[in-house]
Amino acid sequence: MYLKKLPMDKLIDFHTHHYKPNHTNIISYDVAKFSEVKNDYFTIGIHPWWIQEQKIKQLEELLITQYNKSTFFGLGEMGLDKIRNKQKYQKQQEVFEAQLNLALKYKIKTIILHNVKSHSDTLRILKQTGFNNNIILHDYHGNEETLNQYAKLCHIYPSFKANFICHNSKSSMLTQIPFDSILIETDDDLSVSLEKGYEALAKLFNLSTDQVVQSMYNKFRKLKQN
26 MYLKKLPMDK LIDFHTHHYK PNHTNIISYD VAKFSEVKND YFTIGIHPWW IQEQKIKQLE
86 ELLITQYNKS TFFGLGEMGL DKIRNKQKYQ KQQEVFEAQL NLALKYKIKT IILHNVKSHS
146 DTLRILKQTG FNNNIILHDY HGNEETLNQY AKLCHIYPSF KANFICHNSK SSMLTQIPFD
206 SILIETDDDL SVSLEKGYEA LAKLFNLSTD QVVQSMYNKF RKLKQN
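In the working numbering, the protein residues as written are 26 to 251.
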């Protein structure tokens, strides 16, 4: 089941806020904190916790200079959160819709979606804007029925933290999701290594870690902007 040594340079972290040597990191930046990325892949967006109107213009200006770069991966993270920054929930919806419109305008292939207790509003806004490309459902905690609703609108890729996969290795929810759509991330949680997440996912689906590594690479190529 396990490789003696995983090919560390090929392990992809589909959503992280931390640089990790010897991995392929897709680092997520809020538009106000973006810094020029040289070696890692990156996404940029307006996080629902840090909503400001002027960021929309700032994001578009940044997109114009960045979205054709080979290391640009997608737009986000973006979305809605009813728990944190709830007092600005209406503004969250407006900014989310504006970012989807930017994705359409600049033909962005992939967005990274942050969603906390707001699936119905998220689905409504997706339908209104007509965005129907790839969505990475970052740190997904919904059920299969909700996934099916997203799948009617877009190409979906539920992404799970390495920590979550390791501690839910017998979860029926995970095994009900097609393996070819599942992604692995660390987000801001470094309590469990990315390598352990790959190993746990391999065990869960009765695959070799080589097969998991190859599958993640194939999905990376499908999702990558350029």
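We treat Cβ as the ideally placed atom computed from N, Cα and C, and that holds for glycine. Nothing here was measured: the structure is a model prediction, and the numbers come from that model.
Taking residue 245 as the centre and dropping the five residues before and after it, the same chain places the C-beta of 37 closer than 6 Å to its C-beta, in chain order. A buried status is given to residue 210, since no fewer than 16 other beta-carbon atoms sit within 10 Å of its beta-carbon. One Cα belongs to residue 114, the other to residue 247, and the distance between them is close to 32 Å. Relative to residue 125, the option among 54, 100, 144, 56 whose CA is nearest is 100.
Around the beta carbon of residue 186, a 10 Å sphere encloses 16 or more other beta carbons of the protein chains shown; the residue is thus reported as buried.
Contact between the region 122–142 and the region 228–241 is absent: fewer than three C-beta pairs spanning the two stretches fall below 8 Å.
In its chain, beyond the 5 residues on either side, 141, 142 have a beta carbon closer than 8 Å to the beta carbon of residue 108. Within the region 143–199, the complete beta strand (DSSP E) segments of 3 residues or longer fall at 159–162, 180–186, listed in chain order.
The C-beta distance from residue 213 to residue 42 rounds to 5 Å, short enough to meet the 8 Å contact threshold. The alpha-carbon separation between residue 177 and residue 205 amounts to approximately 17 Å. Contact check for residue 91 and residue 97: beta-carbon distance about 5 Å, within the 8 Å limit, so the pair qualifies. Straight across, the Cα-Cα distance linking residue 216 with residue 188 is about 7 Å. Excluding its 5 nearest sequence neighbours in each direction, residue 145 has no C-beta neighbour in its own chain below 7 Å.
Judged by beta-carbon spacing, residue 40 lies within the 8 Å limit of residue 137, meaning their Cβ atoms are closer than that value.
If you ignore the 5 residues before and after residue 175, its C-beta comes within less than 6 Å of the C-beta of 181, all in its own chain and listed in chain order. By the beta-carbon neighbour count (other beta carbons within 10 angstroms, threshold 16), residue 233 is exposed. Put simply, the backbone Cα of residue 191 is about 7 Å away from that of residue 221. Within the region 62–145, the alpha helix (DSSP H) runs of at least 4 residues that lie entirely inside it are, in chain order, 79–91, 114–130.
Between residue 184 and residue 163 a beta carbon distance of about 5 Å is seen, short of the 8 Å cut, so the two are scored as contacting.
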